[in-house]
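The sequence shown begins at 1 in our numbering and counts up one residue at a time.
Note sheet for the following structure.
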Amino acid sequence: MTCVSLDSRALFLALVLGLVPSAGCDAKQETKPDVAAPAAEPAHEAEAPAKAADVEARPEPDPVDAAEAGRPQVGASIELEAVTDDALGYRIELPKGSKVLQKDDELGVHTYSMVFADGMHELNTHITTTTHPDLASLEARVGESGPRAVDGAEELEGGKLRVHTKELEVFGVEVWVALKGKALEARCSGPAEHRSDLARICSSIESTR
Numbered sequence: 001m002t003c004v005s006l007d008s009r010a011l012f013l014a015l016v017l018g019l020v021p022s023a024g025c026d027a028k029q030e031t032k033p034d035v036a037a038p039a040a041e042p043a044h045e046a047e048a049p050a051k052a053a054d055v056e057a058r059p060e061p062d063p064v065d066a067a068e069a070g071r072p073q074v075g076a077s078i079e080l081e082a083v084t085d086d087a088l089g090y091r092i093e094l095p096k097g098s099k100v101l102q103k104d105d106e107l108g109v110h111t112y113s114m115v116f117a118d119g120m121h122e123l124n125t126h127i128t129t130t131t132h133p134d135l136a137s138l139e140a141r142v143g144e145s146g147p148r149a150v151d152g153a154e155e156l157e158g159g160k161l162r163v164h165t166k167e168l169e170v171f172g173v174e175v176w177v178a179l180k181g182k183a184l185e186a187r188c189s190g191p192a193e194h195r196s197d198l199a200r201i202c203s204s205i206e207s208t209r
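If you want it as structure tokens, here you go:
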């Protein structure tokens, strides 16, 4: 009997009709060679494209530190807010967002600071319980505090004494205000662009006693 190559359907039909080749027949059927399945990629290699795509999709971080958000630039308008202290007995208007740098009630020294957005410049307010009987006393105090030249001195209404300094490189300018005959003195320093703000801040000091 002639050997034929049968697929599954032909084999079924041959079985039904009794046409199955003899057992001794060396029937040969074409078979497709086994094809090895592609090796699985290592887990880290498979994840790499996804991670790369994820990184590309993320927005760039804002270079401005979160702590600096809302700080004004040097030269911008400055908003003031009232601060009252019972320990030293004063009320003063400070730049909004000012932080306490020092509060020593025993020594009678309080210091506040508002740092600008550049992180380098500040508006600094230093309050002490120093007493000045007259304008000359305050001028002498300014001269003793460092290499700052007095740019103007005046006595304001309400017994306030005020002294302005000339601009000093790096340190900017200062405005000093004292309450005549009372134990309160304020020194305000910052960039020259904010001379008028420094005058507003220091001149706002009042005694609450």
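Even glycine gets a Cβ: it sits at the ideal position worked out from N, Cα and C.
In this text the structure is predicted, and so the values were computed from the model without any measurement.
Where does residue i sit, in a helix, a strand or coil, going by DSSP?
i: residue 77; result: coil
i: residue 187; result: strand
i: residue 207; result: strand
i: residue 198; result: helix
i: residue 155; result: strand
i: residue 178; result: strand
Tell me which residue opens and which closes the beta strand (DSSP E) that residue i is part of.
i: residue 149; result: Looking at the DSSP string, residue 149 is not in any beta strand (DSSP E), and its letter there is neither H nor E.
i: residue 104; result: 99-104
i: residue 71; result: First-last for residue 71: undefined, no H or E at that position.
To which residues of the same chain is residue i closer than 6 Å at the C-beta, ignoring the five residues directly before and after it?
i: residue 127; result: 110, 186
i: residue 164; result: 151, 152, 175
Could you say which of the options lies nearest to residue i if we only look at CA atoms?
i: residue 156; options: 101, 131, 83, 135; result: 135
i: residue 207; options: 79, 120, 130, 80; result: 130
i: residue 243; options: 123, 209, 180, 104; result: Shown here, the chain extends from 1 to 209; a query on residue 243 therefore has no answer.
i: residue 141; options: 114, 178, 115, 81; result: 178
i: residue 162; options: 203, 149, 191, 148; result: 203
Just the Cα atoms here: how many angstroms apart are residue i and residue j?
i: residue 173; j: residue 152; result: 12 Å
i: residue 121; j: residue 158; result: 32 Å
i: residue 199; j: residue 70; result: 23 Å
i: residue 196; j: residue 106; result: 32 Å
i: residue 171; j: residue 100; result: 20 Å
i: residue 132; j: residue 143; result: 14 Å
Once you ignore the five residues that flank residue i on each side, which residues in its own chain have a CB closer than 7 Å to its CB?
i: residue 108; result: 88, 128, 129
Between which residues of its own chain and residue i is the CB-CB distance below 8 Å, once the five residues before and five after are set aside?
i: residue 201; result: 80, 92, 93, 94, 95, 123, 125, 175, 186, 188
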